[in-house]
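Heads up: the structure comes next, in structure tokens.
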């Protein structure tokens, strides 16, 4: 049975976020995030894929926006789809221009700074229970 999600941001019509195959036009999705009123807060996000042990979230950030230090219970990857990001984790600074990917292990504290208007794909994978 497909799952639906509206994610953070403006109220959206539910969309399928789980199934045997999903495809996304990231350019169109980013454009939609930037057209929503919540974008005026400096960022907007949408869950594209949602399973119990796996998630993909598209996040759009305005230049100079910071997502302050936090951590995820699962392993994560951050892929810069548009723009330029800088992240800090484990006492290191990571420069992530468009096309870059950073992978962090479970529980690693990190922050994200948008150097310019940017969009990223956040992937989170948790170990399966059992």
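Numbering (the numbering used here), first residue to last: 5 to 134. Just so it is clear, CB atoms sit at the ideal spot from N, CA and C, and this is done for glycine as well. If you're wondering where the values come from, they're calculated on a predicted model, not measured in any experiment.
Given that a residue counts as buried once 16 or more other Cβ atoms are within 10 Å of its Cβ, and exposed if not, what is residue i?
i	result
residue 91	buried
residue 31	exposed
residue 126	buried
residue 12	Caution is warranted here: a pLDDT of 49 is assigned to residue 12, below 50, making its placement in the model unreliable, and no coordinate value can be reported.
residue 107	exposed
residue 45	exposed
residue 84	buried
residue 67	exposed
residue 26	exposed
residue 70	exposed
Within its chain, find whatever has a CB closer than 8 Å to the CB of residue i; leave out the 5 residues flanking it on each side and keep chain order.
i	result
residue 33	50, 52, 62
Relative to the C-alpha of residue i, which residue among the options is closest?
i	options	result
residue 96	84, 115, 85	115
residue 122	129, 81, 38	38
residue 118	29, 48, 41	48
residue 60	112, 82, 77	82
residue 130	27, 21, 56, 29	56
residue 109	93, 102, 101, 120	93
From the DSSP output, in three-state form, read off residue i for me.
i	result
residue 80	strand
residue 122	strand
residue 90	strand
residue 129	strand
residue 22	coil
residue 17	coil
residue 75	coil
residue 49	strand
If I measure Cβ to Cβ from residue i and keep anything under 7 Å in the same chain, skipping five residues before and after, which residues do I get?
i	result
residue 24	none
residue 86	34, 102, 122, 123
Grab me the residues of residue i's own chain with a C-beta within less than 6 Å of its C-beta, minus the 5 sequence neighbours each way, in chain order.
i	result
residue 113	73, 75
residue 80	108, 128
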